[in-house]
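Input: a single structure, listed below in structure tokens.
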Amino acid sequence: MELSESGDVLKTLLSFIYPGPRTRPGSWELLSASYHAAEKYKIQCVIDSLRGYFASPAFLASHALAIYSLARGLQPDDEAQNAMDILYSLDLDVLISEDMSGIPADGLAAVLKAREVRAALIIKRLGTNSTDFGRPYCSAVKGQPA
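Read in UniProt numbering, the sequence shown has 130 at position 130, and its numbers run on one by one without any break.
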């Protein structure tokens, strides 16, 4: 029988199905491929188990955009929110330098839009007058000192 998945992916899947030690995905590529295979074959117990690795600091730090793209349609969306928290803090050049293979364009667009909305809210909260930027805010008079 021919399967399109590699031996490493199948080994990872089977370790979550059968009793015994579980094979922790050692790379993002293996985790992603294993997750997609579990979705393809509709193996919910493996999907649920692999989702836990989306919160791994090692994977979040280096593949936040890919994790966000995978997790944004999941409920609850804890993994997507964790990834988005990382994506908010990344410099735009770092964000777009991530390997984009397998990341849908709408995933990147959603992240860029969320960053834009967040920036607009921060600017609104700080005040609409850009000349006030960097000046202290006085809560007693609800504004900038003269």
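No residue lacks a Cβ here, since even glycine has one placed at the ideal position from N, Cα and C. Owing to the predicted nature of the structure, the values given are computational and were not obtained by experimental measurement.
*From this set, H63, S4, V117, which residue's C-alpha is nearest Y41's C-alpha?*
Indexing the sequence shown from 1 puts residue 41 at position 41. The candidate whose alpha carbon is nearest that of Y41 is S4.
_Give me the residue from K113, A114, P19 with the minimum Cα distance to C45._
To locate residue 45, count along the sequence shown from 1; it is residue 45. Among K113, A114, P19, the Cα nearest to that of C45 is on P19.
*With a threshold of 16 other CB atoms inside 10 Å of the CB of A119, please say whether the residue is buried or exposed.*
The count along the sequence shown starts at 1 and reaches residue 119 at position 119. Taking a 10 Å sphere around the C-beta of A119, we find fewer than 16 other C-beta atoms and assign the residue as exposed.
*Go through its chain and collect everything with a Cβ distance to A38's Cβ below 7 Å, but skip five positions before and after it.*
Taking the sequence shown and counting its residues from 1, one reaches residue 38 at position 38. Excluding positions up to five away in sequence, the list reads L13, V46, I47, L50.
*Backbone CA spacing between A61 and I17 [nearest angstrom]*: Start at 1 with the first residue of the sequence shown, and residue 61 comes out as number 61. Start at 1 with the first residue of the sequence shown, and residue 17 comes out as number 17. Looking at the two C-alpha atoms, the distance is approximately 28 Å.
*Near S15, which residues of its chain fall below 8 Å by C-beta distance, leaving aside the five closest residues on each side in sequence?*
Within the sequence shown, numbered from 1, the residue matching residue 15 stands at position 15. Cβ neighbours of S15 within its own chain (closer than 8 Å, five residues either side excluded): P21, R22, T23.
*What's the gap between the Cα of K11 and the Cα of A114?*
By one-based count along the sequence shown, residue 11 stands at place 11. By one-based count along the sequence shown, residue 114 stands at place 114. Roughly 37 Å separates the two Cα atoms.
*Alpha carbon to alpha carbon, how far is Y68 from S97? Give it in angstroms, no decimals.*
Your numbering for residue 97 matches position 97 in the sequence shown. Your numbering for residue 68 matches position 68 in the sequence shown. Whole-angstrom Cα-Cα distance: 16 Å.
*Does the beta-carbon distance from N82 to A55 come in below 8 Å?*
Position 82 of the sequence shown, counted from the start, is the residue given in the question as residue 82. Position 55 of the sequence shown, counted from the start, is the residue given in the question as residue 55. Yes. Within cutoff.
*Would you mind working out which of P104, A71, S89 sits nearest E116, comparing C-alpha positions?*
Sequence index remark: in the sequence shown, residue 116 carries index 116 (1-based). When only C-alpha atoms are compared, the closest one is S89.
*Candidates G52, D8, L87, Y35: closest to G102 by CA position*: As a working note, residue 102 is residue 102 in the sequence shown. Ranking G52, D8, L87, Y35 by Cα distance to G102 puts Y35 first.
*Under 8 Å between the Cβ atoms of L70 and L87?*
Numbered from its first residue, the sequence shown carries residue 70 at position 70. Numbered from its first residue, the sequence shown carries residue 87 at position 87. No, the pair does not count as a contact, with Cβ atoms beyond the cut-off.
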